[in-house]
Structure formats: structure tokens, C-alpha cells
Amino acid sequence: MAFNCSVPDCMSALPGGRGWCSTHYQRFRKYGDPLTTRGPSPKTSRGPKPCRVEGCETHARARGFCVKHYARASKHGDPATVLSTRGDGSTADVLRTCSVSGCAVRVHALDLCQRHYARSKRHGDPTIQLQAGPGDGKGHSDGCHGYRRRYVPGRGTVKEHRYVMELVLGRDLLPHENVHHKNGDRADNRPENLELWTRSQPQGQRVEDKVAWAIELLRLYRPEALA
Numbered sequence: 002m003a004f005n006c007s008v009p010d011c012m013s014a015l016p017g018g019r020g021w022c023s024t025h026y027q028r029f030r031k032y033g034d035p036l037t038t039r040g041p042s043p044k045t046s047r048g049p050k051p052c053r054v055e056g057c058e059t060h061a062r063a064r065g066f067c068v069k070h071y072a073r074a075s076k077h078g079d080p081a082t083v084l085s086t087r088g089d090g091s092t093a094d095v096l097r098t099c100s101v102s103g104c105a106v107r108v109h110a111l112d113l114c115q116r117h118y119a120r121s122k123r124h125g126d127p128t129i130q131l132q133a134g135p136g137d138g139k140g141h142s143d144g145c146h147g148y149r150r151r152y153v154p155g156r157g158t159v160k161e162h163r164y165v166m167e168l169v170l171g172r173d174l175l176p177h178e179n180v181h182h183k184n185g186d187r188a189d190n191r192p193e194n195l196e197l198w199t200r201s202q203p204q205g206q207r208v209e210d211k212v213a214w215a216i217e218l219l220r221l222y223r224p225e226a227l228a
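Below you can see the structure in the form of C-alpha cells.
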């Protein structure tokens, strides 16, 4: 017997469910009504949207802002920043200086000059002092772990406390060696505040292994004891 959809004037012969044809049954499952006319969902509509700034009718390009207001938000931190007006009625960026006290450099972004903006972005604080700690003043703090770093020609940027210990020893540090700060201040890299530590341990527990390891340790650090 031929199938007849219960929707009036529907001549489809493809059964779907609940007395509807396949087309009307799928509309019921998707929209809750077998008589709903299919169309684009509001969530998937790709039509142009206006800028989020009140009163601006320009189409949004990035993060809900038009090109102009997005640029102001990126540069000044506020898309509604009022810019200075030229004689011809056009606008121009306001010539402002860094908001950090004592800094007279022109604003780069978010009311900060380029240097303080970089510090804020990297360390979360534009006023962080990167020059710190006793020493010869050639290094700088990494701003995170408290260790000082310095540039060494031919090697690039290295940790200052390891470099100072290498100068004291007259050789490069070995992979199993590290440098300890006696007073706990990682920025105090005076030679008298540094001491050499080692993480090396014997490879086994046999007496022969321990003796061989002890001799190697003396040969490296106290060769006069083997004389």
C-alpha cells in the first residue's frame, strides 16, 4: 500500500516517521515543527556586523571592531579614544608620553612607551627593575627566577653566576656541576658568595666503584691529595 504523508498537500511517498514523510520528519526533528520552512540558522549567518563602538556603522573587521577602532584599541587600550582634530576636520593620534612616572618617551601601546610596554607584556609590570644586585653592573636580572644574565662575546647570553665561577676555576663548568649562592641572593654573584657544588654520584655500590669514583673526584678537585 502506498505511503501518504499526514501533511496536507504533501505527495511524498518516502516514509520518515510519526506519519510524516522523510522531509517533514527531519524538519520536525531539527526545528520541532514539520511545517517549518528550512533556512539559514541565525548562529550560522555570515552577514556583515556593525562595529561594537556605539554610533559607528562601519562593518566590524577584527574582535568586533572596525579597522579604525581596532587600531585605537590596540594602540591606546580603548577603541573609543578621542583623537586630536586637525584644521581640516580630520583626526590624528594624540602625541602622548609614557604613563610611567618620569618617562617622557612617546606612547607605543596601552599608554606605555615601547620599553615599558615590553616589560609589562613579559613580566606583568612595566616598572620592574631589570638592573639589580651587587656585582660589576654588567649583567641584568632575568626578572623571573632572580638569576642575573650577561652577554659574553662568542658565547651569547649566559648565567652570570656560572660565568663568574668559570673565571675563578679557569675552566668551563662540567655538566654535573652547579653554583650555589651562600647568602641565598641569586643576584649576588661576587666570587666570595659563590661555591661549587656537584650532583655526581657513584654508578654502583661496590667498594671498587666507590674507590674509583673517589679517586676521580680527588683528581678533579684536589689533585695535590694524590701526590
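Under the numbering used here, the residue at position 3 of the sequence shown is numbered 4, and the numbers go up by one with no gaps. Where is the CB? At the ideal position from N, CA and C, for every residue including glycine. Just so it is clear, the structure is predicted and the values come from calculations on it, not from any experiment.
Judged by beta-carbon spacing, Ser23 lies within the 7 Å limit of Leu15, meaning their Cβ atoms are closer than that value. A contact is defined here as three or more CB-CB pairs under 8 Å, and the region 206 to 221 fails this definition with respect to the region 185 to 195. By the C-beta criterion, the region 70 to 82 is judged to be in contact with the region 99 to 116, since at least 3 inter-stretch pairs fall below 8 Å.
Pairing Lys122 with Val169, the inter-Cα distance amounts to about 37 Å. When rounded, the separation of the alpha-carbon atoms in Glu161 and Gly171 is 15 Å.
Counting of Cβ neighbours within 10 angstroms places Gly56 among the exposed residues, the total staying below 16. In the structure shown, Ala81 adopts coil according to DSSP, grouped into three states. Counting only residues of its own chain and dropping the five nearest sequence neighbours on each side, His70 has a CB closer than 7 Å to the CB of Cys52, Val54, Cys57, Pro80. Residue pairing by DSSP places Trp198 opposite Asn179 in a beta bridge. The C-beta distance from Leu195 to Val165 rounds to 6 Å, short enough to fall under 8 Å. Remark: C-beta atoms of His181 and Arg200 do not approach each other more closely than 7 Å.
In this chain, the beta strand (DSSP E) harbouring Lys160 covers 157 to 160.
The beta carbon of Val101 sits closer than 7 Å to the beta carbons of Leu113, His117, Pro127, Thr128 from its chain, once the five residues preceding and following it are set aside; these are given in chain order.
For Asp173, the closest of His60, Leu197, Gln115, Arg191 by C-alpha to C-alpha distance is Leu197. Short of 7 Å from the beta carbon of Ser7, and not among the five residues preceding or following it, lie these beta carbons of its own chain, in chain order: Gly20, Trp21. Secondary structure at Pro192: helix, using DSSP grouped into helix, strand and coil.
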